[in-house]
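Undergrad: So for the sequence shown, the working numbering puts the first residue at 50; every next one is plus one.
Virtual Cβ for every residue (Gly too), placed ideally from N, Cα, C.
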Amino acid sequence: MSTDCIFCKIIKGDIPTKKIYEDDDFIVFHDIKPMSKVHFLIVPKLHIETLKDCTETHQSLLGKALMLAPKLAESQGLLGFKTLINTGREGGQEVFHIHVHVFGGH
Ligand code: 5GP
Ligand code: ZN
Numbered sequence: 050m051s052t053d054c055i056f057c058k059i060i061k062g063d064i065p066t067k068k069i070y071e072d073d074d075f076i077v078f079h080d081i082k083p084m085s086k087v088h089f090l091i092v093p094k095l096h097i098e099t100l101k102d103c104t105e106t107h108q109s110l111l112g113k114a115l116m117l118a119p120k121l122a123e124s125q126g127l128l129g130f131k132t133l134i135n136t137g138r139e140g141g142q143e144v145f146h147i148h149v150h151v152f153g154g155h
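#1: Could you compute how far the alpha carbon of Arg138 sits from the alpha carbon of His88?
#2: Figure out for me which residue from Cys54, Gly141 and His155 has the closest Cα to the Cα of Leu95.
#3: Measuring CB atoms only, is the segment 63-70 touching the segment 93-110, in the sense that at least three cross pairs come out at less than 8 Å?
#4: Let's see if you can read the secondary structure: which residues bound the beta strand (DSSP E) around Ile69?
#5: By DSSP's criteria, Pro119 is part of a beta bridge. Which residues make up the other side?
#6: Along the chain, where does the alpha helix (DSSP H) that runs through Ile91 open and close?
#7: Skipping 5 residues on each side, what residues in its chain have a beta carbon closer than 8 Å to that of Val77?
Pasting the structure below:
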């Protein structure tokens with residue numbers, strides 16, 4: 050939990066969002082500025098800033114994040130989808146709380 054992190058605030062329930070899934074480890078919600086017909090974010094509840102900060106202890110969490118993508122894409126009516134993880138400012142990352150983008154319905 051980081052007090053000035055927008056995704057931690059969403060996880061805490063302090064900022065409303067269009068949530069599509071939640072469990073003990075993840076929250077998944079629609080992107081506020083969708084770049085395709087369907088665009089949602091898979092966000093671990095653990096505050097990790099970037100993919101570069103992941104260690105072996107995060108392997109299972111990262112695997113679970115990817116495993117959620119097809120299940121939730123299907124629940125959104127997608128037959129196929131794209132995934133993206135931006136890493137670092139130079140990698141186009143704007144929110145420094147790791148997340149997987151899922152795009153579909155092009
Ligand atoms: P990044 O560039 O870090 O990979 O992507 C961050 C994403 O978070 C952007 O696509 C942006 O539109 C989305 N985003 C930023 N703030 C909010 C918010 O308050 N609510 C939601 N639902 N999405 C957000
Ligand atoms: Zn955070």
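TA: Straight from the coordinates:
#1: 21 Å
#2: Cys54
#3: no
#4: Its beta strand (DSSP E) spans residues Lys68 to Glu71.
#5: DSSP output for Pro119 lists no bridge partner at all.
#6: Per DSSP, Ile91 belongs to no alpha helix (DSSP H); it is in the beta strand (DSSP E), Val87 to Pro93.
#7: Lys68, Ile69, Tyr70, Glu71, Phe89, Leu90, Ile91, Val92, Leu117 and Leu121
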